[in-house]
Amino acid sequence: METSLTPQSLGQRGLLSDIRAFLAIIRREWTIFIRYPSWIIAMLIWPLIFPMLYILTARALSGPDGSGLAVFMKTTGATDYIGYIIIGTTVWMWQNIVLWDVGFALRQEQMRGTLESNWLSPTWRFSYLLGHTGPQIVSMAIFVLITAIEFGLIFGVRLNGSGWMLALVMLAAIPAIYGLGFAFASLVITVKEANAFVFLIRGLVMIFCGITFPIAILPEWMQAVAKWMPQSYLIHAMRTAAFSNAGVNELLPDLIPLLSFGTFWLVVGYLAFIWMERRARQTGAIGQY
Amino acid sequence: MSDFAIEATQLVKKFPARPGTGDKKTEGEAASSPKKKRWQFWKKEPKALFTAVDGVDLQIQRGEIFGLLGPNGAGKSTTIRMLCTLLEPTSGTARVNGFDVVKQANDVRRSLGTLLAGERSIYWKLSGRENLEYFAALYHIPQPIAKKRVEELIERMELKDRANELVEKYSTGMRQRVAIAKALLARPPILLLDEPTLGLDPQAARRLRELIAELKQEGHTILLTTHYMEEADQLSDRIGIIDTGKVIALDTPAGLKRRIEQKEVIKLEVTGWHDEIGEKLKSITGIENLITRQQGEADLWEVNMQAHNSRTAIPRIVEHISGNGTRLVNMNIVKPSLEDVFIHLTGKALRD
Amino acid sequence: MQITTLSQPSLKTQLRSLFVIARKDWKVFWRYPLNAVSNVFQPIIWITPVYFMGKAFSTNGQATGFAAYSGSGDYMSYILLGTVLTNFILTVFWGMGLALKEDMDAGVLESNWLTPVSRLLILVGRTLTSLLTTTITSLVMLGIGAALFGFKPTGSTLAAFLTAIPMLLGLYGFGFAFAGIVLLMRDANTLIDVGSFLVQGFSGTNFPVKSLPYWLIPVSLMLPLTYGLDAIRGFLLKTNTLMPINIEIIILIVFMFVMLWGGAQIFYRVERRVRKLGTLGQH
Numbered sequence: 001m002e003t004s005l006t007p008q009s010l011g012q013r014g015l016l017s018d019i020r021a022f023l024a025i026i027r028r029e030w031t032i033f034i035r036y037p038s039w040i041i042a043m044l045i046w047p048l049i050f051p052m053l054y055i056l057t058a059r060a061l062s063g064p065d066g067s068g069l070a071v072f073m074k075t076t077g078a079t080d081y082i083g084y085i086i087i088g089t090t091v092w093m094w095q096n097i098v099l100w101d102v103g104f105a106l107r108q109e110q111m112r113g114t115l116e117s118n119w120l121s122p123t124w125r126f127s128y129l130l131g132h133t134g135p136q137i138v139s140m141a142i143f144v145l146i147t148a149i150e151f152g153l154i155f156g157v158r159l160n161g162s163g164w165m166l167a168l169v170m171l172a173a174i175p176a177i178y179g180l181g182f183a184f185a186s187l188v189i190t191v192k193e194a195n196a197f198v199f200l201i202r203g204l205v206m207i208f209c210g211i212t213f214p215i216a217i218l219p220e221w222m223q224a225v226a227k228w229m230p231q232s233y234l235i236h237a238m239r240t241a242a243f244s245n246a247g248v249n250e251l252l253p254d255l256i257p258l259l260s261f262g263t264f265w266l267v268v269g270y271l272a273f274i275w276m277e278r279r280a281r282q283t284g285a286i287g288q289y
Numbered sequence: 290m291s292d293f294a295i296e297a298t299q300l301v302k303k304f305p306a307r308p309g310t311g312d313k314k315t316e317g318e319a320a321s322s323p324k325k326k327r328w329q330f331w332k333k334e335p336k337a338l339f340t341a342v343d344g345v346d347l348q349i350q351r352g353e354i355f356g357l358l359g360p361n362g363a364g365k366s367t368t369i370r371m372l373c374t375l376l377e378p379t380s381g382t383a384r385v386n387g388f389d390v391v392k393q394a395n396d397v398r399r400s401l402g403t404l405l406a407g408e409r410s411i412y413w414k415l416s417g418r419e420n421l422e423y424f425a426a427l428y429h430i431p432q433p434i435a436k437k438r439v440e441e442l443i444e445r446m447e448l449k450d451r452a453n454e455l456v457e458k459y460s461t462g463m464r465q466r467v468a469i470a471k472a473l474l475a476r477p478p479i480l481l482l483d484e485p486t487l488g489l490d491p492q493a494a495r496r497l498r499e500l501i502a503e504l505k506q507e508g509h510t511i512l513l514t515t516h517y518m519e520e521a522d523q524l525s526d527r528i529g530i531i532d533t534g535k536v537i538a539l540d541t542p543a544g545l546k547r548r549i550e551q552k553e554v555i556k557l558e559v560t561g562w563h564d565e566i567g568e569k570l571k572s573i574t575g576i577e578n579l580i581t582r583q584q585g586e587a588d589l590w591e592v593n594m595q596a597h598n599s600r601t602a603i604p605r606i607v608e609h610i611s612g613n614g615t616r617l618v619n620m621n622i623v624k625p626s627l628e629d630v631f632i633h634l635t636g637k638a639l640r641d
Numbered sequence: 642m643q644i645t646t647l648s649q650p651s652l653k654t655q656l657r658s659l660f661v662i663a664r665k666d667w668k669v670f671w672r673y674p675l676n677a678v679s680n681v682f683q684p685i686i687w688i689t690p691v692y693f694m695g696k697a698f699s700t701n702g703q704a705t706g707f708a709a710y711s712g713s714g715d716y717m718s719y720i721l722l723g724t725v726l727t728n729f730i731l732t733v734f735w736g737m738g739l740a741l742k743e744d745m746d747a748g749v750l751e752s753n754w755l756t757p758v759s760r761l762l763i764l765v766g767r768t769l770t771s772l773l774t775t776t777i778t779s780l781v782m783l784g785i786g787a788a789l790f791g792f793k794p795t796g797s798t799l800a801a802f803l804t805a806i807p808m809l810l811g812l813y814g815f816g817f818a819f820a821g822i823v824l825l826m827r828d829a830n831t832l833i834d835v836g837s838f839l840v841q842g843f844s845g846t847n848f849p850v851k852s853l854p855y856w857l858i859p860v861s862l863m864l865p866l867t868y869g870l871d872a873i874r875g876f877l878l879k880t881n882t883l884m885p886i887n888i889e890i891i892i893l894i895v896f897m898f899v900m901l902w903g904g905a906q907i908f909y910r911v912e913r914r915v916r917k918l919g920t921l922g923q924h
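Residue numbers (our numbering), protein chains in the order written: chain A, 1 to 289; chain B, 290 to 641; chain C, 642 to 924.
In structure tokens, the structure reads:
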């Protein structure tokens with residue numbers, strides 16, 4: 001092929017090139033991630049110490065003779081309070097990490113000054129966000145695995161149900177959790193103090209979704225709010241899948257709302273991106289710090 | 290009380306270097322020392338050092354404007370930071386207003402007004418006035434005097450209309466003016482201005498230079514660093530040229546230019562330049578310090594050289610240039626400027 | 642012509658510097674209103690799951706298991722007090738630790754260090770504001786928490802308040818040392834995150850130290866904050882204390898002196914090092 005400098009450009013658009021660009025983004029993100037040594041703390045230590053706060057509180061609440069525990073088991077129907085809690089905290093951490101990671105992905109580029117360079121390339125722009133989720137999902141999977149291993153080894157937490165069902169539930173949650181992240185990413189570019197919004201959203205998950213308690217214990221109005229949050233269904237489904245021999249049928253009442261919300265948030269996330277992109281082209285906000 | 294406003298004797302500053310960036314000598318030491326065995330972990334390996342300032346001597350008279358000129362990385366900022374007590378010298382001494390920069394640091398700070406890093410040196414979440422009132426207190430200016438002084442400076446720096454707005458809303462020029470006002474608050478005898486006109490538009494830069502001249506009239510001693518030749522030339526009573534950590538020349542602007550007076554500078558504009566032509570030109574007798582610079586993206590090159598006798602050199606130059614696709618577009622013979630002095634002394638251009 | 646300087650240092654101007662620094666921090670703090678609001682609501686958000694979890698362990702509103710450890714079934718009052726301390730811990734770790742670093746990044750640290758005021762004095766000035774704003778946000782948070790979850794102090798507020806003083810001063814003394822260390826590090830976030838979390842965990846902010854596995858309890862006993870919080874709860878809620886309250890108070894006072902002096906020493910040392918290495922203003 002001739003490579004003389006004729007105006008016919010060397011870059012040719014097509015599905016293959018978009019996929020290649022997508023993979024390139026994933027590889028770049030992963031490379032950058034492992035170059036910061038603090039990832040060890042993020043991946044190995046946090047999965048252990050964050051739930052510990054609640055677990056130790058639960059231990060205190062059960063009392064020196066474990067009498068409180070009997071009450072807990074009656075209220076929640078769970079026999080393994082540690083497993084019960086770590087599912088809730090893991091879901092919270094997942095949403096938290098996605099909000100920060102995916103949410104700030106574009107903003108980070110904007111601050112680094114590389115957003116413009118990326119924007120100028122002819123790749124389908126949404127792939128930047130999609131690209132960010134690739135390595136993110138992989139690292140979350142590792143995170144969950146490490147949590148399971150650490151708690152399995154140290155506290156003897158055991159899966160009573162099917163690992164596959166658990167994985168299925170988490171897969172079904174991806175659209176909701178990441179859809180929210182995408183919507184967030186577009187918001188972050190336009191708003192200056194986006195931190196406050198992360199605190200708000202993760203605060204809502206913390207309060208309403210039953211991370212350390214059954215939703216049934218909440219007052220009526222709070223239960224109503226919880227019904228609108230996909231994370232509530234995720235937590236409930238994960239607990240069901242992990243600790244009872246549930247099959248797909250038993251999980252459907254949770255999976256269906258989870259997937260519906262997921263679709264909703266993905267659509268919202270995509271639309272928000274389009275809106276932000278158009279606005280940025282009009283106001284030139286892309287290059288600004 | 291020392292006669293000089295600022296006096297530095299053999300100031301040296303060395304930093305621990307990352308491998309590969311250290312001075313050849315210390316890197317050599319580090320590399321050639323016998324590798325310690327793993328179990329001898331308590332023995333320290335000699336560290337590689339990078340010398341930013343390598344024995345600088347300065348004597349700045351009271352009431353003068355002294356320009357410190359040099360390219361990036363020459364050691365200007367490091368020298369200034371040692372003088373204003375932010376950095377401790379590795380060796381050597383410096384006295385500012387008669388006070389030792391290490392042993393009498395607070396007295397030095399009281400005597401100095403500094404402008405470093407312009408707009409980043411003030412609080413963006415405070416108003417212009419609040420910034421000045423804050424720093425006035427930190428300079429130990431008694432409150433009633435401080436109030437008057439702040440108003441005086443707001444007036445002088447033309448900030449009156451927006452003095453109560455947050456600095457984050459100001460333009461770069463306004464922020465610079467607040468930073469300058471901050472430097473002038475305690476009416477210090479000595480001012481240290483680091484690249485004061487960097488980033489300012491031409492009009493603002495001009496106003497600032499006028500201000501600097503006024504300040505000298507009022508009796509301040511000013512040490513100014515810059516990499517703008519014309520600015521140093523115009524404002525300074527004396528100039529120190531610093532390169533790779535050493536002062537390589539110190540004189541009045543006229544004195545410096547006289548150094549290469551007997552030389553002339555030939556400026557060429559050429560298309561189709563090849564490096565071999567440069568070699569040929571350098572071989573002409575009397576031609577020195579050839580520098581080439583490409584003008585933007587176009588195939589147009591600016592070639593400067595210094596000649597003892599341009600009359601005899603020119604025919605040879607034309608000879609070497611013609612042919613082989615190279616064309617002489619323009620030629621000028623000029624008297625040397627400060628930049629040429631710099632090139633003469635260091636063999637490189639200031640704007641590298 | 643002779644220039645006469647306006648700078649006239651005296652005790653009065655030193656004190657005024659302290660005041661001016663505190664005032665500057667106060668102004669800047671409230672000019673980030675979202676941040677201030679967040680400071681109040683974040684702790685409430687974090688203890689909500691604890692509140693509901695506690696309900697799952699209680700019968701008729703009494704957590705009997707908990708009562709066996711602490712001497713009182715009122716776990717929410719217990720935790721609310723712990724949350725107030727958490728607020729201070731977070732402020733010291735994040736606020737003090739990061740404050741200098743943020744100044745450095747923004748470029749104003751140099752401006753402050755160029756003034757003829759002692760650098761430790763600058764740190765002390767920032768401490769004052771921090772103490773004040775955190776106390777305010779904590780009290781508001783306590784008020785809201787009381788309305789939502791119930792707060793029933795049955796003991797002496799004055800004694801609790803007086804106990805808080807040496808504890809907080811000691812904590813801030815530690816903050817001096819920490820600020821110095823953060824200045825030296827390039828990426829301090831992880832250190833601050835993990836550090837503050839561990840301190841919260843081990844000083845009994847969320848659960849009685851006695852309920853920890855026996856091999857972890859010594860770690861808690863090494864933290865002076867454990868005794869401070871314990872004593873305050875003892876005074877306010879009449880819970881059982883780890884050691885006789887008088888002894889705990891003595892520990893606190895010793896801690897305060899040691900930390901204030903030690904922290905200042907470390908800060909001076911670090912600050913000297915920064916001047917040698919020139920990491921100021923570069924990042």
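Backbone N, C-alpha and C define an ideal beta-carbon position, used for all residues, glycine too.
{"query": "Euclidean distance between Cα positions of Tyr54(A) and Ile686(C)", "result": "14 Å"}
{"query": "Rounded C-alpha distance that separates Leu825(C) from Pro214(A)", "result": "46 Å"}
{"query": "Candidates Ala587(B), Ile573(B), Ser572(B), Lys569(B), of which the one nearest Gly284(B) by Cα", "result": "In this structure chain B extends from 290 to 641, so residue 284(B) is not present and cannot be described."}
{"query": "C-alpha gap between Ala246(A) and Trp164(A), whole angstroms", "result": "11 Å"}
{"query": "Nonlocal neighbours in the same chain, by C-beta distance under 7 Å from Ile82(A), ignoring five residues either side", "result": "Ile55, Phe151, Phe155, Val157"}
{"query": "Segment contact, 8 Å Cβ cut-off, at least three pairs: the region 545-559 of chain B with the region 620-627 of chain B", "result": "yes"}
{"query": "Expected contact under 8 Å - CB spacing of Leu338(B) and Ala306(B) to nearest Å", "result": "6 Å"}
{"query": "C-alpha gap between Glu318(B) and Val191(A), whole angstroms", "result": "The predicted position of Glu318(B) is uncertain, since its pLDDT is 49 and thus under 50; a value taken from the coordinates is nonetheless stated next. Spanning the two alpha carbons is a distance of roughly 54 Å."}
{"query": "Closer than 7 Å: Val915(C) CB and nearest the ligand PLP heavy atom", "result": "Here there are no bound small molecules, and the ligand PLP is not part of this structure."}
{"query": "Closest Cα partner of Ala176(A) within the set Ser67(A), Leu69(A), Met229(A), Trp46(A)", "result": "Met229(A)"}
{"query": "Alpha carbon of Leu357(B) to alpha carbon of Leu755(C), nearest angstrom", "result": "20 Å"}
{"query": "Residues, ordered as in the chain, of the region 49-66 of chain A that lie near chain C by beta-carbon distance below 9 Å", "result": "Ile49, Phe50, Met52, Leu53, Tyr54, Leu56, Thr57, Ala58, Arg59, Ala60, Leu61, Ser62, Gly63, Pro64, Asp65, Gly66"}
{"query": "Beta carbon proximity, Trp687(C) to chain E, threshold 8 Å", "result": "The structure shown contains no chain E; its protein chains are A, B and C."}
{"query": "Short Cβ contact (8 Å threshold) for Leu627(B) with Lys546(B)", "result": "yes"}
{"query": "Residue range of the unbroken beta strand (DSSP E) whose run includes Ser67(A)", "result": "First-last for Ser67(A): 67-76, but that is the alpha helix (DSSP H), not the beta strand (DSSP E)."}
{"query": "8 Å CB neighbourhood of Val248(A) in its chain, flanking five on each side removed", "result": "Met165, Leu168, Leu255"}
{"query": "Beta-carbon contacts of Val823(C) that lie in its chain and below 6 Å, excluding the five residues immediately before and after", "result": "Gly738, Lys742, Ala829"}
{"query": "Stretch pair the region 653-664 of chain C + the region 710-730 of chain C: three plus CB contacts closer than 8 Å", "result": "no"}
{"query": "Reference Ser699(C), options Trp46(A), Met73(A), Gly134(A), closest by Cα", "result": "Met73(A)"}
{"query": "The alpha helix (DSSP H) enclosing Leu180(A), as first and last residue numbers", "result": "163-190"}
{"query": "Glu307(A) versus Phe693(C): straight-line alpha-carbon distance, rounded", "result": "This structure cannot settle anything about residue 307(A), because the visible part of chain A is limited to 1 through 289."}
{"query": "Close-in-space but distant-in-sequence residues of the same chain around Gly462(B) (CB under 8 Å, 5 per side omitted)", "result": "Leu489, Asp490, Ala493"}
{"query": "Within-8 Å CB hit, Met884(C) to chain A", "result": "no"}
{"query": "Contacting positions in the region 738-751 of chain C - beta carbon closer than 7 Å to chain B", "result": "Ala747, Gly748, Val749, Glu751"}
{"query": "Distance, Met897(C) Cα to Val758(C) Cα", "result": "25 Å"}
{"query": "Local Cβ density within 10 Å of Asp450(B), reported as buried at 16 or more and exposed below that", "result": "exposed"}
{"query": "Sub-8 Å separation of Ser837(C) and Trp902(C) beta-carbons", "result": "no"}
{"query": "Chain A contact residues for Gln703(C), given Cβ-Cβ distances below 7 Å", "result": "Here the premise fails: no neighbours, minimum Cβ distance about 10 Å."}
{"query": "Contact with chain C by Met206(A), beta-carbon distance below 8 Å", "result": "yes"}
{"query": "Sequence-distant residues of its chain with Cβ nearer than 8 Å to Asp396(B) (five each side left out)", "result": "Asn386, Phe388"}
{"query": "Cutoff 6 Å; reference Gly821(C); Cβ partners in own chain excluding five residues on either side", "result": "Ile907, Phe908, Val911"}
{"query": "Within-8 Å CB hit, Leu218(A) to chain C", "result": "yes"}
{"query": "Rounded separation between Gly131(A) and His236(A) - CA only", "result": "29 Å"}
{"query": "Cutoff 8 Å: Gly179(A) Cβ touching any chain C Cβ", "result": "no"}
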